[in-house]
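Asks: Line by line, the protein sequences are chains A and B. For the first sequence, the numbering used here gives the first residue as 332, with consecutive numbering after it. For the second sequence, the numbering used here gives the first residue as 732, with consecutive numbering after it. In this text, a Cβ means the ideal position worked out from N, Cα and C, and glycines have one as well. In this text, all values refer to a predicted model and were calculated from it rather than measured experimentally.
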Amino acid sequence: MSLLAVENLSARHGLLQAVSGVSFTAAEGEILALVGANGAGKTTLLRTIAGSHRAAGGRISFEGADLGTMRAHRRVQLGIALVPEGRRLFGAMTVEENLKVAGANGRRGRWTIETVLDAFALLKPLLRRRCGELSGGQQQATAIGRALMTNPRVLLLDEVSLGLSPVAVRTVYDSLQTVIAQGDTTIVLVEQDLSRALRIATRVACMLEGRIVLEGKAADLTRERITEAYFGLRRGEGGMRA
Amino acid sequence: MMFFDQILQGIFLGAYYALIACGLSFLFGVMRIINLAHGSIAVLSAFLVLSLAEHFGISPFFALLLAVPVMAAAGFVLQRTILERSLRSGPLTPLLSTFGLAVVLDNSMFQSFGANTRSLAPNIGDLSFAGWSGPGGIEVGQLAVLTLVVAVALLSGLQALLTYTPLGRAIRACAEDPETAELVGIDARHVYAAATAIALVTVAIAGTFLAMRSTFDPYTGPTQLIFAFEAIVIGGTGSLWGTLIGGIVLGVAQNLGSQVSPQGFLIGGHLAFLLVLAARFALAGRDWRGWFGVRSRAVA
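This is how it looks when you write it as structure tokens:
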């Protein structure tokens, strides 16, 4: 049974249909990369799964149970954590406080401040620094660490590399490998950097105008097919499945 | 020496203003709500403590211990029934709803307790007038010193709560970004209700000191609200220690003003308030947040 199942999900921003009839599943330990151009609905999809955005229709289930209108904090306690676009750290609080506040309100498990610092070693000297004073890469590492402190079973990562220098992106992704290596956390990754997404994903779903237009195993999809779906070059053929 | 005495008495008076203001500042820092019923709730607390003290024949301090859980529960209910619903309708609605609450409370207290002025001073024996004599004829009232000690202890306690406890960190997270707070597992509704409960506990303490140091009646609340508001604006909203400093500046200005003329007490305070407001306006580059001394969304 899949850990996370999204069925015919739709979400709106006012009159704008941001997500339309999206369905996918994610099994335990799977890494699903959601790719697509700006405005494709990826962020809204993740926010809807996390409970930050109200679904207009469809169903999201976690371990077979419908999440319905469950609030975001309850979903975190079930094991769904979102690293939001733009990091959205508590800037007036220190790195340690950001980690602690998540640790105190999430699930109990393997991830503690010590294990997070082992995975994200760059944070060790920064524990007492206010998050507002950190660089983009340091903030992203803190944001992922904060989400891990809730001991998620499904980790939703929104635009990990957005606005970061290539060095910072590499550092964050290297640390992320530690999480992936554990093998028990399902990751749904929204990433503009297609090469990087394909490198770590086991499956890829490409979104266009609120719909998934291509989905398949990362190993089965060529870069050309994804690019065509990304830009809608084969529109009119309906959804594609590898 | 008289000038020094006025400064000293102003500091003690400022400590009371800090007491009355800290709940208002706390609530604004966490939820961005200006609770216009704040003064009326302080007077309600004073009536509650007075009623408990007289009914059971106990010290007002023991009565305050009984009143604290009642006010905390009232805070929880206030958040869930009025403030939470008001917040959903935009930033102006809480102003209207708390103004309405103040009107209801004032008139309900008038209906229940009548128009007579009351005081807890007779219930605290010598404490209401006893003091220590210093050099140059300076008199320091014991109640004034107690007020200062309680104000500092209360602000220190709140600071420690916000800095070192999980609830405090959750309150600061919600103050900064309630949506993201939910994304790390915090129930923002619950945290807001807890913060309102804490704010009303501080109001209960302030109301008790109001009743011990002076007389009060059902319509004393709005005046206390103005003093609390002035102290907050002077000290900077959302800053707990700024509230103490703001209270002291207000108290000293009022005391010095009273030396100029009998009306100078109020005018001195208002002048200090306006001067700080003008300075903030000038320094903030016409940024409206500067008018209210907002430095960040974070509390403390």
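1. Can you tell which of B/Ala962, B/Phe787, B/Pro909, B/Gly977 has its C-alpha closest to the C-alpha of A/Arg419?
2. Does B/Leu1008 come out as helix, strand or coil in the three-state DSSP assignment?
3. Let me know the secondary structure DSSP gives A/Arg405 once reduced to three states.
4. Can you tell me whether A/Thr517 is buried or exposed? The criterion is at least 16 other CB atoms within 10 Å of its CB, across all chains shown.
5. Given a limit of 7 Å on CB to CB distance, which residues of the stretch 388-414 of chain A reach chain B?
6. Could you give the distance in angstroms between the alpha-carbon of A/Met401 and the alpha-carbon of B/Ala1003?
7. Kindly list the residues whose CB is nearer than 6 Å to the CB of B/Ala784, restricted to its own chain and excluding five residues on each side of it in sequence; keep chain order.
8. State yes or no: is the C-beta of B/Gly999 within less than 7 Å of the C-beta of B/Gly982?
9. Leaving out five residues before and five after A/Ser392 in sequence, what residues of the same chain have Cβ atoms less than 6 Å from its Cβ?
10. Give me the chain A residues within the contact set of B/Ala929, using Cβ-Cβ distance strictly less than 8 Å, ordered along the chain.
11. Strictly under 7 Å for the Cβ-Cβ distance: is B/Ile916 near chain A by that measure?
12. Here's the rule I'm using: 16 or more other beta-carbon atoms within 10 Å means buried, otherwise exposed. How should B/Ser970 be labelled?
13. Under 7 Å, Cβ to Cβ, is there at least one residue of chain A near B/Thr911?
14. Mind listing the chain A neighbours of B/Glu907? Cutoff is C-beta to C-beta under 8 Å, in chain order.
15. To the nearest angstrom, report how far apart A/Val294 and B/Pro897 are at their CA atoms.
16. Are B/Thr968 and B/Phe757 touching if we call contact CB-CB under 7 Å?
17. Only counting the same chain, and skipping five residues up and downstream in sequence, which positions put a Cβ closer than 7 Å to that of B/Leu779?
18. So, helix, strand or coil for A/Glu394, using DSSP?
19. Among A/Ala386, A/Glu361, A/Glu359, which has the Cα closest to the Cα of A/Gly372?
20. Output yes or no for whether 7 Å exceeds the beta carbon distance between A/Asp489 and A/Thr374.
21. Rounding to the nearest angstrom, what Cα-Cα distance links B/Phe1012 and B/Val964 in this structure?
22. From what residue to what residue does the beta strand (DSSP E) around A/Met538 run?
23. Counting only beta-carbon separations shorter than 7 Å, does B/Arg900 have a partner in chain A?
24. Is there a C-beta anywhere in chain B that falls below 7 Å from the one on A/Asn482?
Replies: Taking the coordinates as given:
1. B/Pro909
2. helix
3. helix
4. buried
5. Arg402, Ala403, His404, Val407, Gln408, Leu413
6. 50 Å
7. So the qualifying residues of the chain are Pro791, Ala794, Asn854.
8. No, Cβ-Cβ distance for B/Gly999 and B/Gly982 is not below 7 Å.
9. Ala336
10. Correcting the residue identity first, residue 929 of chain B is Ile in this sequence and not Ala. Residues of chain A passing the Cβ test: none, with the nearest at roughly 17 Å.
11. Looking at the sequence itself, residue 916 of chain B is Gly, so the reference to Ile does not match. Yes, because at least one Cβ of chain A sits closer than 7 Å to the Cβ of B/Gly916.
12. buried
13. Yes - at least one Cβ of chain A is within 7 Å of the one on B/Thr911.
14. Below the 8 Å Cβ cutoff, chain A contributes Phe421, Gly422, Ala423, Met424 as neighbours of B/Glu907, in chain order.
15. Residue numbering for chain A in the displayed model covers 332 to 573; residue 294 of chain A lies beyond these limits and cannot be assessed.
16. no
17. These residues qualify, in order along the chain: Ala798, Val801.
18. Shown here, A/Glu394 sits in coil according to DSSP, grouped into three states, outside any helix or strand.
19. A/Ala386
20. yes
21. Using only the alpha carbons, I get a separation of about 12 Å.
22. 534-539
23. Residue-level contact check: B/Arg900 touches chain A, since one or more beta carbons of chain A fall below 7 Å from its beta carbon.
24. no
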